[in-house]
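Asks: Per the numbering used here, the sequence shown starts with residue 428, numbered consecutively.
Built from N, CA and C at the ideal position, the CB exists for glycine as well.
What you are looking at is a predicted structure, and each value in this text was computed from that prediction instead of being measured.
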Amino acid sequence: MSNKNETDHAVEVSRLTVAYDSKPVLSDVDLELPRGMLTAVMGPNGAGKTTLIKAMLGLIPTVNGEISFPNINGKKPCIGYVPQSESVDWDFPVSVLDVVTMGCYGRLGWIKRPRKSDKAYAMEMLKKTGMEEYADRQISRLSGGQQQRTFIARALAQKADIYLMDEPFKGVDNSTEKSIIELLKELRSEGKTVVAVHHDLSTVSDYFDWVTLINIKVVASGEVKKVFTDENLTRTYRAAKVGI
Numbered sequence: 428m429s430n431k432n433e434t435d436h437a438v439e440v441s442r443l444t445v446a447y448d449s450k451p452v453l454s455d456v457d458l459e460l461p462r463g464m465l466t467a468v469m470g471p472n473g474a475g476k477t478t479l480i481k482a483m484l485g486l487i488p489t490v491n492g493e494i495s496f497p498n499i500n501g502k503k504p505c506i507g508y509v510p511q512s513e514s515v516d517w518d519f520p521v522s523v524l525d526v527v528t529m530g531c532y533g534r535l536g537w538i539k540r541p542r543k544s545d546k547a548y549a550m551e552m553l554k555k556t557g558m559e560e561y562a563d564r565q566i567s568r569l570s571g572g573q574q575q576r577t578f579i580a581r582a583l584a585q586k587a588d589i590y591l592m593d594e595p596f597k598g599v600d601n602s603t604e605k606s607i608i609e610l611l612k613e614l615r616s617e618g619k620t621v622v623a624v625h626h627d628l629s630t631v632s633d634y635f636d637w638v639t640l641i642n643i644k645v646v647a648s649g650e651v652k653k654v655f656t657d658e659n660l661t662r663t664y665r666a667a668k669v670g671i
């Protein structure tokens, strides 16, 4: 039986405000994201989507607010992260397999060296993402799509409960995008939660269960079939179009 203090929420955000140089990037955000679903975070450029993901991870300071990840069966959930590819130092001299094996460090601790079984598991994740033939390649020699698949493999190696992904489909071709979404749906079938920054309005209904529309403030958040409406999209994107 689950703990009475647990909820069906994977992430709970309350009164979150983030500002850069005193200019709010997120303002008074309240948000509850469901467990075991694929959630898209959408909005115009500068709406605060990446900032929201980074704030959830504790990577940036906040002005106000609280962020929590409720326990799962009495235990703190493990969080996996797929960053934007441009935020990564691709000149760092490591191989693709090394990067994915780093996903095991959360379980191992930073002092312990990865075992053969950890490297074998990392290789399994590379196979899942179609990257096994690149295992020994230096990451500086990867294409944009290969970079994305490498970091998704690393996140999978973490055996996380919740995956936060910042534009996982950016820079990939159509076939890679299809293979990534199949992986995400497989995670959902295992009871995992995925929260992804997404841009393509045309694929939301096919890819996601839940959508959060944001433009500094939350415009709407809920099931795709209820929230992903012309009215809400106009409210979300209108300010960007008219230059307000």
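1) Taking G419 and G571 to be in contact with their CB atoms under 8 Å, please state how far apart those CB atoms are, rounded to whole angstroms.
2) Find the nearest neighbour of R564 within the set P520, K652, P471, judged by alpha-carbon distance.
3) Looking at the structure shown, is E613 part of a helix, part of a strand, or coil, going by DSSP?
4) What is the rounded straight-line gap between the Cα of L628 and the Cα of K503?
5) Which residue spans inside the segment 555-584 form an unbroken alpha helix (DSSP H) run of at least 4?
6) Let me make sure I understand the geometry here. Which of D448, S449, G470 has the alpha-carbon closest to that of R665?
7) Contact between the segment 576-590 and the segment 542-561: three or more CB pairs below 8 Å?
8) Using alpha carbons as the reference points, say which of S606, Y634, R662, G492 lies closest to L465.
9) DSSP on N491, reduced to helix/strand/coil?
10) Going by beta carbon distance, what residues of the same chain come within less than 6 Å of L660, once the five residues before and after it are set aside?
11) How many Å lie between V621 and I589 at the Cα?
12) For R534, which residues in the same chain have their Cβ closer than 6 Å to its Cβ, ignoring the five residues on either side in sequence?
Replies: Let me lay it out:
1) Outside the shown range of the chain, which is 428 to 671, sits residue 419, and nothing can be said about it.
2) Per the Cα distances, P520.
3) helix
4) 33 Å
5) Runs found: 571-584.
6) Comparing Cα positions, the closest option is G470.
7) yes
8) Y634
9) strand
10) none
11) 6 Å
12) Here R534 scores only 47 on pLDDT, less than 50, and its place in the model is too uncertain to base an answer on.
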